[in-house]
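Residue numbers (this note's numbering), protein chains in the order written: chain A, 3 to 376; chain B, -13 to 339; chain C, 33 to 358.
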């Protein structure tokens, strides 16, 4: 707690681990298993892809929570479960005090308009046969919402808000560039005045120079309209830039969650360390950045048969017998700030600085580096 | 021209020492909508054992350039002008048979997506063995031994077993390792890596990048490393070429270009991306607009419609005349050297904290 | 693999049974009474009832169906024409012959026609398709593409009589097509079928040219094909080893459907050239409201298509290891 870093105040007190503001969304033990069918001669369920397995998460009003992790970690599935595009296998989703885990279409209707989604691919997520006006207008039509001044006026306002020319109301998606299309996606998500937006990799399909345009737009939307975000991305620097609180996922589980500073500067879970160390950073002054170097071995294991106990143990340098038998609970470790939870039996020191000796688990890499030093 | 050069080591072009030399390369594609100028007057040099990073966004011509070096464009649809000299041999005018002898042998390529870049119909072992048998006249047995040696080197567990597996039985990272092993089968002098880690997860990317660097130390190949990711390039390359709309806009060593960039586009790229240690109060500064269409590129400097410093250049120079890219450490921009330096120090550097 | 084939065969049998039910209900549940046709002009109610009895259509439809189904698997003994061993489709109303024997009798003609033209159109069609793809964008390609376009829009009933009129009746280059069993005289078998083969395979070959060309061109743009080029393999090697393998999938799929339906009887071709195959049998059966025969031909054709569907699926596994190993 002696950290002298002051965190930005732009989002009020939402920076603290557990948001002191009102909780908007609460997810407990959220689980999604996709069944696998096979067998002979009668096909039956032979297993399940454990895409999401007991995720706990909370999002405060107006807060941005980042969800990071590598492919197969379940971050996108989690997003889809929250918006109820997928039906959860188990767990509970509470939105504004209302349990929506298995809410019917009718019960969900008022909530649907408050939770919106922005998708990754701005090319396939917009209907090419509809005009921009129709695309942005349709959520209002579906939900029977008539804003003052009419829907068309509202669409023009939205287009202006996301930085597009309102005159382009009647154009089709293909007349826009990738970045502009993503703006259309944002405008559509905003059409119903949502309180929560699930942004699933909203910039990763865009060119570098365009990504910043969309990130800034989302940030403006969040600041001005006070919309809470679940920001799903694999780019750790962008998530850090955008989110006050971050959850790190690995193979369907949250392994570490905490405020921005805790996760990026004082991580405790070995996977968080490995992830941060793997990010290639531009070294502007040309100096060594003085960060620790961790190179894992192999790829993420299959979520069909995830490792027992701690799921990261098969790639972890600290793993011991206990890790295989006992699943580490997601708890606040001593020395951590409030709300900084870690699921690890043998946590690392809370620093990302160079540890003097690199951790290189990849056998090929280790062999080549041994040769080179000899 | 070199007032900002902090150190030597910038590519000394035009002398005979360059192992790969590209001069005034122009690649045009005929399409139904018109002629696409994919590469428009590109020149660079690469010495043995060094890594040249080419960075640019989609449509900047970076991938087209490298397929041109390998001679993989269909001459029916592409018009190629200029000069590509690899170790004294001119490649653009070379006959197909000559190129076939070089490909996979003296120059090899690693593609972006190993899932689609490896054939699903043949075993990994067979795909590795093929070039070795063809170029080195090796027997099946020798090729197999070599392939297993290379698979071991790139860190495929149980290489003897995995030799007979198909690509889809490999995980993403393992596939890219196999792809690297395939490229290194004949010990090439030039390795072209086209976004080799873009399709991979970040922890796997870190493994593969380090592996490539270590293998380069051992094999001594020259590498052309293409990417859109400035972070990746700063880890991999010695020298850097920034491309925009089919042209090189800035050239220098990685330290020079990323440490003291001189082109407004490079400034834009650097200030539009957050870093792990950047100040979160510092808003990102995007480059306005989008990359131009290569069917109808802007006149003069192709970056002028998006350039924030156009007003600093007198008259209509930016719209009328294409700024040349000088030799060595250079940026193709009409701003004067003093302007570039002062703009960078006063306006750009504070954004990069 | 065996499991896969077993499962698919099981599925095919289920489809055949369902098809039998539907076909049976359609044919035998029709308001049109076949007995009326046989009874003639001086028909009395007694005679009609008699015919109903001999045809076995005096019973309820479910009852008839059960008897029919039994006949398929164990044979029947209740026909005036004599015993009917399994698989029993009954006796033709029109010719009084055993339906199954008739089918077997007509089969060689259809098989000869199908196999002969398949060999021809595969050779010509795939060959010219590959050539066009190899020479993409050249005059050769354009000529082949245009030719294939014209020929594939032809119809047998137009091209057939045209060829007959020109080559047979006008120029006397060939004899009129006939069917001589291969075992009787191979030379006559060949010369008798050469015109039907040529006409049938011209139209098919044109379609296969277009398909092979587009499939190859698509494959040649695959990234793994480019990788093969990038490692120095020659254009021919890449063309035949890498691109060809992938383009086989759509070709095999269509070929399975085509050969299956050809073996079920090429109705128009057989009719045009007067060949006594299954296709012609089907037409005859329709003309005479010969329900047992019609049902027989139909089920036989359906079985052929299903059989080749299974063969095609098994072929996928040979072509693509991803299918084999998943």
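From the three backbone atoms N, C-alpha and C, an ideal C-beta is built for every residue, glycine too. These numbers were taken from a predicted model, which means no experiment stands behind them.
Give me the residue from the options with the minimum Cα distance to residue i.
i	options	result
residue 32 of chain A	A:189, A:88, A:269, A:375	A:88
residue 40 of chain A	C:56, C:75, C:51, C:35	C:35
residue 205 of chain B	B:262, B:298, B:239, B:94	B:94
residue 311 of chain A	A:331, A:212, A:238	A:331
residue 105 of chain C	C:117, C:96, C:112	C:117
residue 13 of chain B	B:333, B:29, B:4, B:5	B:29
residue 175 of chain A	A:246, A:116, A:127, A:64	A:127
residue 63 of chain A	A:84, A:44, A:98, A:75	A:98
residue 256 of chain C	C:274, C:248, C:301	C:274
residue 97 of chain B	B:292, B:230, B:316, B:179	B:179
residue 71 of chain B	B:234, B:79, B:195	B:79
residue 47 of chain A	A:359, A:306, A:132	A:306
residue 218 of chain B	B:41, B:5, B:251, B:69	B:41
residue 15 of chain B	B:50, B:235, B:38	B:50
residue 227 of chain C	C:305, C:38, C:215	C:305
residue 336 of chain A	A:115, A:349, A:329, A:327	A:349
residue 338 of chain A	A:327, A:55, A:37, A:351	A:351
residue 291 of chain C	C:79, C:42, C:153	C:153
If you measure between the beta carbons of residue i and residue j, is that distance less than 7 angstroms?
i	j	result
residue 276 of chain B	residue 187 of chain A	no
residue 141 of chain B	residue 366 of chain A	yes
residue 280 of chain B	residue 23 of chain B	yes
residue 185 of chain B	residue 99 of chain B	yes
residue 271 of chain A	residue 285 of chain A	no
residue 325 of chain A	residue 315 of chain A	yes
residue 260 of chain B	residue 240 of chain A	yes
residue 240 of chain B	residue 226 of chain B	yes
residue 234 of chain A	residue 77 of chain A	yes
residue 278 of chain C	residue 239 of chain C	no
Helix, strand or coil for residue i? Go by DSSP, reduced to three states.
i	result
residue 1 of chain B	A caution first: residue 1 of chain B carries a pLDDT of 47, below 50, which makes its placement in the model unreliable, though a value can still be read off. In the structure shown, residue 1 of chain B sits in coil (DSSP, three-state: anything other than H, G, I, E or B).
residue 207 of chain A	coil
residue 31 of chain A	strand
residue 21 of chain C	The question about residue 21 of chain C has no answer here: the residues shown for chain C are numbered 33 through 358.
residue 310 of chain B	coil
residue 89 of chain A	coil
residue 327 of chain A	helix
residue 50 of chain A	strand
residue 16 of chain B	strand
residue 249 of chain A	strand
residue 111 of chain C	coil
residue -11 of chain B	Low per-residue confidence applies at residue -11 of chain B: pLDDT is 39, beneath 50, and the placement is therefore not dependable, though the value from the model is reported in the following sentence. Residue state, collapsed to three classes: coil.
residue -5 of chain B	The predicted position of residue -5 of chain B is uncertain, since its pLDDT is 39 and thus under 50; a value taken from the coordinates is nonetheless stated next. The answer is coil: DSSP assigns residue -5 of chain B none of H, G, I, E or B.
residue 347 of chain C	helix
residue 221 of chain B	helix
Residue i touches chain A at which residues, Cβ-Cβ below 7 angstroms?
i	result
residue 200 of chain B	367, 370, 371, 374
residue 43 of chain B	209, 210, 211
residue 96 of chain B	Neighbours of residue 96 of chain B on chain A: none; closest Cβ ~16 angstroms, over 7 angstroms.
Just to check my reading of the structure: residue i and residue j have Cβ atoms closer than 8 angstroms, yes? What is that Cβ distance to the nearest angstrom?
i	j	result
residue 103 of chain B	residue 115 of chain B	Not a contact, Cβ separation roughly 17 angstroms.
residue 235 of chain C	residue 160 of chain C	Not really, about 14 angstroms apart at Cβ, beyond 8 angstroms.
residue 191 of chain B	residue 280 of chain A	7 angstroms
residue 74 of chain B	residue 121 of chain B	Between residue 121 of chain B and residue 74 of chain B the Cβ distance is about 19 angstroms, and since that is not below 8 angstroms, they are no contact.
Name the chain B residues whose beta carbon is nearer than 7 angstroms to that of residue i?
i	result
residue 352 of chain C	106, 107
residue 240 of chain A	260
residue 129 of chain C	Neighbours of residue 129 of chain C on chain B: none; closest Cβ ~50 angstroms, over 7 angstroms.
residue 277 of chain C	107
residue 250 of chain C	None at all; the shortest Cβ gap to chain B is about 13 angstroms.
residue 274 of chain C	105
Who are the neighbours of residue i on chain A, taking C-beta pairs under 9 angstroms?
i	result
residue 255 of chain B	210, 211
In chain D, which residues lie with their C-beta within 7 angstroms of the C-beta of residue i?
i	result
residue 62 of chain B	Considering every chain present, this structure includes no chain D. Its protein chains are A, B and C.
Please list the partners that residue i has in chain B, where partner means a Cβ-to-Cβ separation under 8 angstroms.
i	result
residue 301 of chain A	157, 158, 159, 160, 187, 190
residue 349 of chain C	What residue 349 of chain C touches in chain B: nothing, since even the nearest Cβ is about 12 angstroms away.
Under 8 angstroms Cβ-Cβ, which residues of chain C neighbour residue i?
i	result
residue 117 of chain B	263, 264, 265
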